[in-house]
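Enquirer: The sequence shown lines up with residues 1 to 321 when you count with UniProt numbering. We treat Cβ as the ideally placed atom computed from N, Cα and C, and that holds for glycine. Just so we're clear, the structure is a prediction, and the values are computed from it rather than from any experiment.
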Amino acid sequence: MGADHVRTLTTAVPGVAVTEVYDRDTERATQVAQGAGGSVATSAEDLIGSDQVDAVVIASPDSTHADLAVACIAAGKPALCEKPLAVTAQDALRVVEAEVALGRRLVQVGFMRRYDPGYAHLKATVASGALGEVRVVHNVHRNASSTTSATGPGIVTGSMIHELDTVAWLLDDEVVGIRIESPVRDGLPDPQLATLEMAGGALATVEVFVNAGYGYDVRCEVVGTAGTAALAPAPSVSTRIAGVDGVAVASDFVAHFADAYRIELTAWARAASAGAVDGPTTWDGYRANVVAEAGVAALVGGARQPVLSASRPALYAVGAR
Numbered sequence: 001m002g003a004d005h006v007r008t009l010t011t012a013v014p015g016v017a018v019t020e021v022y023d024r025d026t027e028r029a030t031q032v033a034q035g036a037g038g039s040v041a042t043s044a045e046d047l048i049g050s051d052q053v054d055a056v057v058i059a060s061p062d063s064t065h066a067d068l069a070v071a072c073i074a075a076g077k078p079a080l081c082e083k084p085l086a087v088t089a090q091d092a093l094r095v096v097e098a099e100v101a102l103g104r105r106l107v108q109v110g111f112m113r114r115y116d117p118g119y120a121h122l123k124a125t126v127a128s129g130a131l132g133e134v135r136v137v138h139n140v141h142r143n144a145s146s147t148t149s150a151t152g153p154g155i156v157t158g159s160m161i162h163e164l165d166t167v168a169w170l171l172d173d174e175v176v177g178i179r180i181e182s183p184v185r186d187g188l189p190d191p192q193l194a195t196l197e198m199a200g201g202a203l204a205t206v207e208v209f210v211n212a213g214y215g216y217d218v219r220c221e222v223v224g225t226a227g228t229a230a231l232a233p234a235p236s237v238s239t240r241i242a243g244v245d246g247v248a249v250a251s252d253f254v255a256h257f258a259d260a261y262r263i264e265l266t267a268w269a270r271a272a273s274a275g276a277v278d279g280p281t282t283w284d285g286y287r288a289n290v291v292a293e294a295g296v297a298a299l300v301g302g303a304r305q306p307v308l309s310a311s312r313p314a315l316y317a318v319g320a321r
């Protein structure tokens, strides 16, 4: 993901230069840095503190996200942090509290679906009132295979977390209850089917299947009292294969959401150049972590779980993009 972000920043985002790169794999870091015309930092901390770096993209392992985000806040540098913001809700809240203490937002969470043209059009349709009162949202999220979401809880916190954010954003609402089940009783519980209860009364279903085999497939339909709207089929790309039902799907998420990543990085860089951030907030990241933790408890315990979180700080009172 980090290497792909570097390619996008250097080839498709105006006014940006990748000056430093860090990775634990020095050979990999050198290869990526050379391709971008930058240098290799000796550590993540040195990169964040460098006077050659104005803003930071965090695309490291999930367990490092919170600490690196807090370090960027301490350095006063805007950062785009890949999802999830943290592994636990408590760590995500630590990032929120660091921004609150500073008194300004500096970290954007990489929920790139908010920038996807298809999702953006779907949200505009919902906001227009054309569907009437929304009753149900159906979501499908399938990967050909996954090595990063290799446990039942990992599927929730690493993959389903996209839908946990997206549904709340689409409806401008919050998840207040969650239930997750899987037809697989022994071994990896994949696929998983979640039911989300929204504060406004709507329900959402989320099917996540990280080892579906046939390709990368994302779908979303919003059903209201006056009509229904769904994501339009994604444009054809050279890496597409045929799905089992004849629907063309991408081979991976990078190909499927290429436009979303480009738009996300362009918007982030524009805001970062002004020392600001206008995308998904650390509060959004925290809320997604809270819902994910409740989802893991539901998956393990087999019962519906309430979603309880801290009070929203005034810093995040205005809704983000």
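What did DSSP end up calling TYR22 once you bin it into helix, strand or coil?
Expert: Numbered from 1 along the sequence shown, position 22 holds the residue referred to as residue 22. DSSP places TYR22 in coil when its eight states are reduced to three.
Enquirer: Does DSSP put THR239 in a helix, in a strand, or in coil?
Expert: Along the sequence shown, read from residue 1 onward, the residue named residue 239 stands at position 239. Its pLDDT being 40, under 50, THR239 is placed unreliably by the model, and the measurement read from it follows with that caveat. Residue state, collapsed to three classes: coil.
Enquirer: Over what stretch of residues does the beta strand (DSSP E) that includes ALA204 continue unbroken?
Expert: Here the question's residue 204 lines up with position 204 in the sequence shown. Run containing ALA204: 203 to 209, per the beta strand (DSSP E) assignment.
Enquirer: What is the DSSP secondary structure of GLY2, counted as helix, strand or coil?
Expert: Within the sequence shown, the letter at position 2 stands for residue 2. Here GLY2 sits in helix by DSSP.
Enquirer: Would you list the one or two residues that DSSP bridges to VAL87?
Expert: Taking the sequence shown and counting its residues from 1, one reaches residue 87 at position 87. Answer is none; VAL87 lacks a bridge partner.
Enquirer: Can you check which of these residues, ARG7, THR64, GLY37 and ALA12, is closest to ARG24 by C-alpha distance?
Expert: Taking the first residue of the sequence shown as 1, we reach residue 24 at position 24. Ranking ARG7, THR64, GLY37 and ALA12 by Cα distance to ARG24 puts THR64 first.
Enquirer: Going by beta-carbon coordinates alone, are ALA199 and GLU174 separated by less than 7 Å?
Expert: Here the question's residue 199 lines up with position 199 in the sequence shown. Here the question's residue 174 lines up with position 174 in the sequence shown. Closer than 7 Å, so yes.
Enquirer: Buried or exposed: where does GLN192 fall if 16 or more other Cβ atoms within 10 Å of its Cβ makes it buried?
Expert: Here residue 192 refers to the residue found at position 192 when the sequence shown is read from its first residue. Classification of GLN192: buried, given that the 10 Å Cβ count is 16 or more.
Enquirer: Could you spell out where the beta strand (DSSP E) holding ASN139 opens and where it closes?
Expert: As a working mapping, residue 139 is identified with position 139 in the sequence shown. Start and end: 134 to 142.
Enquirer: Once the 5 residues before and after SER273 are set aside, which same chain residues still bring their CB inside 6 Å of it?
Expert: Position 273 of the sequence shown, counted from the first residue, corresponds to residue 273. Cβ neighbours of SER273 beyond the five flanking positions: none.
Enquirer: Quick check on DSSP: helix, strand or coil for SER159?
Expert: As a position in the sequence shown, residue 159 is number 159, starting the count at 1. DSSP places SER159 in helix when its eight states are reduced to three.
Enquirer: What's the gap between the Cα of ALA204 and the Cα of THR42?
Expert: Your numbering for residue 204 matches position 204 in the sequence shown. Your numbering for residue 42 matches position 42 in the sequence shown. In a straight line, the C-alpha of ALA204 is about 45 Å away from that of THR42.
Enquirer: On the premise that ASP190 lies in contact with PHE209, defined as a C-beta separation below 8 Å, what is that separation, rounded to the nearest angstrom?
Expert: Looking up residue 209 in the sequence shown gives position 209. Looking up residue 190 in the sequence shown gives position 190. Right, their Cβ atoms sit about 6 Å apart.
Enquirer: Under a three-way DSSP split, which group does GLU254 fall into?
Expert: What you label residue 254 is simply residue 254 of the sequence shown in a count that begins at 1. Inspection of the sequence shows that residue 254 is occupied by Val rather than by Glu. Note: VAL254 maps to helix in three-state DSSP.
Enquirer: Quick one: what's got a C-beta closer than 8 Å to LEU150's C-beta in the same chain, skipping five residues either side?
Expert: As a position in the sequence shown, residue 150 is number 150, starting the count at 1. Sequence inspection shows Ala at residue 150; the Leu mentioned does not correspond to that position. The residues are LEU188.
Enquirer: Return the Cβ separation of VAL6 and ALA36 in integer angstroms, given the expectation that the two are a contact with Cβ distance under 8 Å.
Expert: Here residue 6 refers to the residue found at position 6 of the sequence shown. Here residue 36 refers to the residue found at position 36 of the sequence shown. At roughly 5 Å, the Cβ-Cβ gap stays under 8 Å, so VAL6 and ALA36 are in contact.
Enquirer: Just the C-alpha distance for LEU122 and VAL223, rounded to the nearest angstrom, thanks.
Expert: The residue you call residue 122 lines up with position 122 of the sequence shown. The residue you call residue 223 lines up with position 223 of the sequence shown. If I take the Cα positions, the gap works out to 11 Å.
Enquirer: For ARG179, which beta-bridge partners are listed by DSSP?
Expert: Residue mapping note: residue 179 aligns to position 179 of the sequence shown, counting from 1. Beta-bridge pairing links ARG179 to THR195.
Enquirer: In whole angstroms, what separates the C-alpha of ALA98 from that of VAL70?
Expert: Locating residue 98 in the sequence shown gives position 98, where the first residue counts as 1. Locating residue 70 in the sequence shown gives position 70, where the first residue counts as 1. ALA98 and VAL70: Cα-Cα distance of roughly 6 Å.
Enquirer: Is it right to say GLN108 is buried, meaning 16 or more other beta carbons lie within 10 angstroms of its own, or is it exposed?
Expert: Stepping through the sequence shown from its first residue, residue 108 is reached at position 108. When all chains shown are included, GLN108 counts as buried.
Enquirer: Answer with buried or exposed for VAL296, where buried requires no fewer than 16 other C-beta atoms within 10 angstroms of its C-beta.
Expert: Numbered from 1 along the sequence shown, position 296 holds the residue referred to as residue 296. Buried is the call here.
Enquirer: What residues match up with CYS220 in a beta bridge as DSSP calls it?
Expert: Here the question's residue 220 lines up with position 220 in the sequence shown. Beta-bridge pairing links CYS220 to ASN139.
Enquirer: Can you check DSSP and say which residues form a bridge with THR228?
Expert: For the purposes of this step, residue 228 is taken as the residue at position 228 of the sequence shown. BP columns for THR228 point to VAL223.
Enquirer: If contacts are defined as beta-carbon pairs under 8 Å, then residue 342 and ASN289 qualify, I think. What distance do you get, rounded to the angstrom?
Expert: The question about residue 342 has no answer, for the chain in this structure spans 1 to 321.
Enquirer: Rounded to a whole number of angstroms, what is the C-alpha to C-alpha distance between residue 337 and THR282?
Expert: The shown model of the chain, from 1 to 321, leaves out residue 337, and the question about it has no answer.
Enquirer: Does the distance from the C-beta atom of ARG104 to that of ALA66 stay below 7 Å?
Expert: If you number the sequence shown from 1, residue 104 lands on position 104. If you number the sequence shown from 1, residue 66 lands on position 66. Result no, Cβ atoms of ARG104 and ALA66 do not sit closer than 7 Å.
Enquirer: Mind checking which residues open and close the alpha helix (DSSP H) that includes VAL296?
Expert: What you label residue 296 is simply residue 296 of the sequence shown in a count that begins at 1. 282 to 301 is the extent of the alpha helix (DSSP H) around VAL296.
Enquirer: In the DSSP output, what is GLY110 paired with across the bridge?
Expert: Within the sequence shown, the letter at position 110 stands for residue 110. DSSP output for GLY110 lists GLU82 as bridge partner(s).
Enquirer: DSSP three-state call for GLN34: helix, strand or coil?
Expert: Position 34 of the sequence shown, counting from 1, holds the residue named residue 34. GLN34: helix per DSSP, three-state reduction.
Enquirer: Would you call SER311 buried or exposed, if buried means 16 or more other Cβ atoms sit within 10 Å of its Cβ?
Expert: Position 311 of the sequence shown, counted from the first residue, corresponds to residue 311. So SER311 ends up on the exposed side.
Enquirer: If VAL126 sits next to VAL134, beta carbons under 8 Å apart, how far is it from one beta carbon to the other, in whole angstroms?
Expert: Position 126 of the sequence shown, counted from the start, is the residue given in the question as residue 126. Position 134 of the sequence shown, counted from the start, is the residue given in the question as residue 134. Indeed they touch by this definition, with Cβ atoms about 6 Å apart.
Enquirer: Could you confirm whether any beta carbon from chain D is found closer than 7 Å to the beta carbon of VAL176?
Expert: In summary, chain D is missing from the structure at hand, where a single protein chain is found.
Enquirer: Taking its Cβ as the centre, do 16 or more other Cβ atoms sit within 10 Å of ASP91, making it buried, or is it exposed?
Expert: To locate residue 91, count along the sequence shown from 1; it is residue 91. That one is buried.
Enquirer: In chain order, what residues of the same chain have a beta carbon less than 6 Å from the beta carbon of VAL87, not counting five sequence neighbours either side?
Expert: Position 87 of the sequence shown holds residue 87. Cβ within range, chain order: ASP62 and SER63.
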